[in-house]
Each structure stands twice: as structure tokens, then as C-alpha cells.
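Each step along the sequence shown adds one to the number in the working numbering, with nothing skipped, and position 10 is 11.
Contents: one structure, followed by commentary.
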Amino acid sequence: MSADLAKIAKERGIAYFLISYVDLFGMLRAKLVPAAAIKAMQKNGAGFAGFATHLDMTPAHPDTLAVPDPASLIQLPWKPEVGWLAADLYCGGEPVPDAPRNVLKAQIAKARALGLQMKTGVECEFFLLTPDGKAIGDAADEYPKPCYDQMALMRQYELIKAICDGMLTLGWNPYQNDHEDANGQFEMNWEYDDVLVSADRHVFFKYMTKTLAEQAGYRATFMPKPFNNLTGSGCHMHVSVWKDGENVFDDPSGELGMSALSYRFLGGVMHSAADLCAIFNPTINSFKRINAPVTASGATWSPNTITYTGNNRTHMVRIPEAGRFEFRLMDGATNPYLAPAALLMAGLDGIANSRDPGKRLDINMYTDGHKVKNVRKLPLNLLDALRLFEKSSVARAGFGDAFVDSYAKLKHEEWRSFMAHASTWERTYTIDC
Ligand SMILES: [Mg+2]
């Protein structure tokens, strides 16, 4: 039996609940519900017009009901009288097939049927900008190689501390915070956990960071590539798979300490990486981070090919140590539920079909990548990525047609919206044609 939210509200002094969900484009939607009304909401869900958000619905659809998951409850560290809840979406008594949290839970159930559990750690990079979002928030942060810059980090001490203190209060076990490779860019790390727990935390981390940054006079953004000449924001994901409490990626006798099962999982991820790029890199802007020219700092730190390696950050997949791999393709715009769902789906396909990831490449891909023959490339833009996604038999078998078609439909609409706008670049390069 799930926890009684009305009772918890009384015990913990919660006056309001945010019943929230993430739509297909990663936007966080919510209703603010007084504790006095939570009992009925917990049973029946909060009603939303799905079409008004990024879900594949029409204005004629009945209510989309967001049924909160009590296990996800987080009291806002900066306002404990508000309890945040992740919700699962239902429409007409059925789970909404394209609701991202439902999509992830479906993959988790498939893994569970094999006795497997995926665990993830996410590294969300973000920029602190001026409130209008046009410039780096700290004018003094202009050094061309600013990674780990102590001065720039400590000028943001009060804000970074507020976010990290929030994670400490919530028991996430945060362990480090740093200035990243671009001016104005930061990263904060907390401990890995079960994939659904990490996904909910990923959602909440973005919300907390944006909110506390706003209160401090900044605008935080997870946009993949806000500045042409600076390193973009990745969202690297560390992945391991567990069975009966044991990490089954771990095998001291395997190559780099990784088990045969882990290489089959990785083989699935490598096999479908290009086809799932539309999930991992979901925006127009995402493709300005991957395949990017060298940045002011000297490296993009993002992949441009489908390769894996040991402890070397120039590839799509890095095996930093035994028992896990780091998937470096995702960017800050990636959907916190769909990205791990896609990884797990591809990994399960790899296990089921014994997919071979091939040989690892121990080279600097940024300088020597062109010397390697037959290396598969990532799609160059969202349209190419969507076309691969729609055709992917693995995605259709693993996710089901309903999700693939809905996602592709809404993302094609986004592409058409983009194409309807002439840019400054086009004007500059075309005006005198
Ligand atoms: Mg980083």
C-alpha cells in the first residue's frame, strides 16, 4: 500500500503539493494543490489538458490525470511547506503511452522481468547567465581555459552552496561541485541510484537549480549549446546493471573489468546510438554541440562518432573503471526519463540479441579520429535523427509504435517551426547573393 500523503502532510508540515509531470519536450508541468485536497488527488489524479502541453493529444481528449507517486515526494529545501511529487499520466483509465515517466517505467518492468535493475548517475552541466539569458552571468569569468577555475567557482559560492545544501538535506549524497569547461558553466554531482530515482532527481535538480539561480539574480540554463565558441552542456550518464544486489557489469576477469553481459548491453547501445539520437539529443540546438568545431577551451568534450574506449573522454562511451560505463552523447536538453529509457531499451536489445560493440578504440578521437576507417557517424541535425528514429526496428519493437509515432510527430512539428524562421546567419550569408 502506498503512503498516505494527507497524513504525511500533517506530520511534516506540508501546506501545498506540486503534482508534476515532464512532457515529451522535457518541460516540467504542475498543479499546486493544497494539502486539504491531496487525498482525492492521490486517488484520482490531478486533471490536465494534455494537448496544452507537449503530448500527442487533441483539445477533444478527456482529462489527462496525473497520479502522484508518493515515493517521489521531495519537500522543497528552500520552502519545506511545499511537497513536490512526480506523477504518472493516465487518460481514459489507461497509462498515456507517450508520457515519459510511463515510457521509462515500461522499460524498467522489462528489465525486472529478467531480474535486472539499471542504476544511473547523471552529470547535468548548466550555465549561469544574466537574467535576460543573453550573456554569462559573471562578467569576470572570461578566461579562455576556465575549467575548475577556483576564483570563478567561489564567486558563485552562495548559490552553489544553496543547491548542494539542498541535495544534502534530501539525502542525495552530493560529493563535488566545479566550474566546467565553458565560461559561466558549472556541474554538481550526486551519488548514482536506481534509474527511476535518478530520473526523478534529475528533474528536480533542474527545477531547484533554475529556481535558486533566479533567486540569486541569474538565469540557469541547461541548453546544449548557448554560445557558438564555448563548450556546450552535456548530460553524461553513468550506467551499471544489477541483479540480486550485485553489479553484473563487474567482472575482474573481463576486459577493463567489465562482464560479457555489459559488453552485450553496450553492443545494443552502440547499435542504436544513431537511431536514438533524436531522444538523446532532442533539440535543434543539440546538434550544435555534437559534431561541433573546436571551442575556445581547445576541445568540445562531446562525441561525433559511435565509438567506445577506456578512460578517455574523446569517445561516445568511456569505461572509466570496472563495473560501469559513461554514456557521453546526451546533452542538457535530454529528457530525464526518455534518455535512460532509451539506454535501457537499447541495452536490453543488446542482451537479447548478443550484440557485439566491436573493439574499443584507444586513440584521441579529436585529433586522430579521421585516421580510423568505417567509424559510424552521428546524425548532423534533428531531421536526420528523426528519420533514423522513425525507421528504427529496435525502437519500434522496444518502445512500441504509439510512442515512436507520437514523439516523431511532435518533433517534426518543432522542425517545421524552426524551418519557418529565417536566421541571422542566413541573412548574413545570403543577403548579397
Ligand atoms: Mg562535465
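Glycine included, each C-beta is placed from N, C-alpha and C at the ideal position.
Per-residue DSSP class, three states only, for residue i
i: D369; result: helix
i: P341; result: helix
i: M168; result: helix
i: F236; result: A small correction: the amino acid at residue 236 is Cys; Phe does not occupy that position in the sequence shown. Strand at C236.
i: P175; result: strand
i: Y149; result: coil
i: Y144; result: coil
i: P63; result: coil
i: K248; result: Rather than Lys, the amino acid found at residue 248 in this sequence is Asn. Reduced to three states, the DSSP call for N248 is strand.
i: S3; result: coil
i: H55; result: coil
i: K8; result: helix
i: R156; result: coil
i: M189; result: strand
i: A226; result: In the sequence on display, residue 226 carries Lys and not Ala. Residue state, collapsed to three classes: coil.
i: G48; result: strand
i: L74; result: coil
i: S254; result: coil
i: A31; result: strand
i: D195; result: strand
i: I161; result: helix
i: A200; result: helix
i: F419; result: helix
i: Y430; result: helix
i: I39; result: helix
i: F205; result: helix
i: F18; result: strand
i: A221; result: strand
i: S260; result: coil
Check: residue i C-beta below 7 Å from any heavy atom of ligand 1
i: E1; result: As shown, the chain starts at 2 and ends at 434. That puts residue 1 outside it, with no answer to give.
i: G235; result: yes
i: E256; result: no
i: E95; result: no
i: E126; result: yes
i: E188; result: yes
i: E12; result: no
i: E322; result: no
i: E181; result: yes
beta-carbon residue i near ligand 2 non-hydrogen atom, thresh 7 Å
i: E82; result: Within the structure as shown, ligand 2 is missing, the only ligands being ligand 1.
Please go through the region 349-411 and give each complete beta strand (DSSP E) segment of 3 or more residues, from N-terminal end onward. Complete beta strand (DSSP E) runs here, min 3: none at all.
Does the contact criterion of 3 or more C-beta pairs under 8 Å hold for the region 33-48 versus the region 99-110? no
Between the region 273-289 and the region 387-396, do at least 3 Cβ pairs fall closer than 8 Å? The region 273-289 vs the region 387-396: in contact.
Which whole runs of the beta strand (DSSP E) in the region 274-349 are 3 residues long or more, in chain order? 318-322 and 325-328
Fully enclosed by the region 76-137, which alpha helix (DSSP H) runs are 4 residues long or longer? DSSP assignment within the region 76-137 yields the following whole alpha helix (DSSP H) runs of 4 residues or more, N-terminal first: 101-114.
Closer than 8 Å is the cut-off here; do at least three beta carbon pairs connect the region 16-28 with the region 55-69? yes
Quick test of the definition: if touching needs 3 or more C-beta pairs under 8 Å, does the region 235-243 touch the region 156-166? no
Segment contact, 8 Å Cβ cut-off, at least three pairs: the region 63-80 with the region 164-171: yes
Do three or more CB pairs link the region 224-233 to the region 328-338 at distances below 8 Å? yes
For the 8 Å Cβ check, are there 3 or more pairs between the region 261-272 and the region 347-363? Because the criterion of three Cβ pairs below 8 Å is met, the region 261-272 and the region 347-363 touch.
Check whether the region 365-374 and the region 301-317 touch, using three or more Cβ-Cβ pairs below 8 Å as the test. The way I'd put it, the region 365-374 does touch the region 301-317; three or more beta-carbon pairs between them come closer than 8 Å.
With contact counted as at least three CB pairs below 8 Å, one residue from each stretch, are the region 84-97 and the region 57-73 in contact? yes
If contact is defined by three or more beta carbon pairs under 8 Å, each pair taking one atom from either stretch, is the region 250-258 in contact with the region 298-307? For the pair of segments examined, the region 298-307 was found not to touch the region 250-258: the number of CB pairs separated by less than 8 Å stays below three.
Touching or not, the region 128-138 and the region 208-227, by the rule of three or more beta carbon pairs under 8 Å? The region 128-138, when compared against the region 208-227, does touch it at the 8 Å Cβ threshold.
Tell me, please, whether the region 374-388 touches the region 404-414 by the rule of three or more beta-carbon pairs shorter than 8 Å. yes
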